[in-house]
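Notes to accompany the following structure.
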Amino acid sequence: AQSVSQHNHHVILSEAASLELGCNYSYGGTVNLFWYVQYPGQHLQLLLKYFSGDPLVKGIKGFEAEFIKSKFSFNLRKPSVQWSDTAEYFCAVNGGGTDKLIFGTGTRLQVFP
Amino acid sequence: GAGVSQSPRYKVAKRGQDVALRCDPISGHVSLFWYQQALGQGPEFLTYFQNEAQLDKSGLPSDRFFAERPEGSVSTLKIQRTQQEDSAVYLCASSPHRGTGGGTDTQYFGPGTRLTVL
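Heads up: the sequence lines are chains A and B, in that order.
Read in order, the letters of the first sequence correspond to residues 1 to 113 in our numbering.
Read in order, the letters of the second sequence correspond to residues 114 to 231 in our numbering.
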């Protein structure tokens, strides 16, 4: 069965610090990978996704993620965070002929000015 | 344009009551998903529709949970004889394309319904 692990449950950073959130998945076949973000009081929205091509994917608001197949990883990065990036971040995967998303438990990011 | 809407936003039920949660997907979206998000967890898949057909209900936790989308647009998730463990946020998502198993479509999420069972 597919599963997703997000190792960082709570990350606290100062503005302008660099960010990397880990995401590992378990599935041996072809997968599609997603990062969703939930800002305080708002609904889940897509940050970026990967399904084929260049393994370095760029998303909205300066975020990027790199798919490393050999490591089953899809880590999220941002070189310089802002206070407005304070949110919960979810990694998700689907594959194996199904459209349903399997989510990780999420990482709560707090950015202090 | 309008996004996915859900109602009610908050629901408090006494244990044993039946509840109905509504989802209005983005107009024209073919696929509709329901997820359950417990406190401190990520969303967990419940069920999936393509138009009015329920193609996957493998995530429904028990036969007390029932979902329908009779005309291929609005969907209702019904929970009978609610239990305390049903307390969670119920999320609805829609995507524009017919699900082909490719899984690359973006799912657009609603704000969720927070269900509290006392």
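From the three backbone atoms N, C-alpha and C, an ideal C-beta is built for every residue, glycine too.
Asked	Found
Residues near Q234 (chain B) by beta carbon distance below 7 Å, same chain, minus five either side	Missing from the structure shown is residue 234 (chain B); chain B here goes from 114 to 231 and no further.
Y25 (chain A) versus A:I60, A:G59, A:N94, A:Q45, residue with shortest Cα-Cα distance	A:N94
Chain-ordered chain B contacts of T107 (chain A) [CB-CB under 7 Å]	In chain order: nothing, as chain B lies at least about 10 Å away.
Residues of the stretch 69-101 of chain A whose Cβ lies closer than 8 Å to any Cβ of chain B, in chain order	F90, A92, N94, G95, G97, T98, D99, K100, L101
Supposed close pair P138 (chain B), F103 (chain A) - CB separation, criterion 8 Å	Rounded, the Cβ-Cβ distance is 20 Å, inconsistent with contact.
Y39 (chain A), buried or exposed, once every other Cβ within 10 Å from all chains shown has been counted against 16	exposed
Alpha carbon of F90 (chain A) to alpha carbon of K58 (chain A), nearest angstrom	16 Å
Cβ contact check for the stretch 216-224 of chain B and the stretch 160-170 of chain B: 3 or more pairs under 8 Å	no
Chain B contact for L114 (chain A) (CB, 7 Å cutoff)	Nothing about residue 114 (chain A) can be read from this structure; chain A reaches only from 1 to 113.
Residues that F178 (chain B) contacts on chain A, provided the C-beta gap is smaller than 9 Å	Neighbours of F178 (chain B) on chain A: none; closest Cβ ~15 Å, over 9 Å.
Pair within 7 Å by beta-carbon distance, W147 (chain B) and A126 (chain B)	no
Interface residues of chain A facing D169 (chain B) [CB-CB closer than 8 Å]	T98, K100
Rounded straight-line distance, which links the Cα of K61 (chain A) to that of P79 (chain A)	11 Å
Coarse secondary structure for K170 (chain B), derived from DSSP in three states	coil
Contact list for Q149 (chain B) against chain A, beta-carbon separation under 7 Å	Here the premise fails: no neighbours, minimum Cβ distance about 11 Å.
N32 (chain A): contacting residues in chain B (beta-carbon distance under 7 Å)	G216, T217
Spatial distance of G127 (chain A) from S52 (chain A) (CA atoms)	Missing from the structure shown is residue 127 (chain A); chain A here goes from 1 to 113 and no further.
From B:L145, B:D218, B:H210, B:G116, residue whose alpha carbon lies closest to that of L190 (chain B)	B:L145
Cα-Cα separation between G116 (chain B) and Q220 (chain B), rounded to whole angstroms	11 Å
DSSP state of I181 (chain A) mapped onto helix, strand, coil	Since the first residue shown for chain A is 1 and the last is 113, residue 181 (chain A) is missing from the structure and cannot be characterised.
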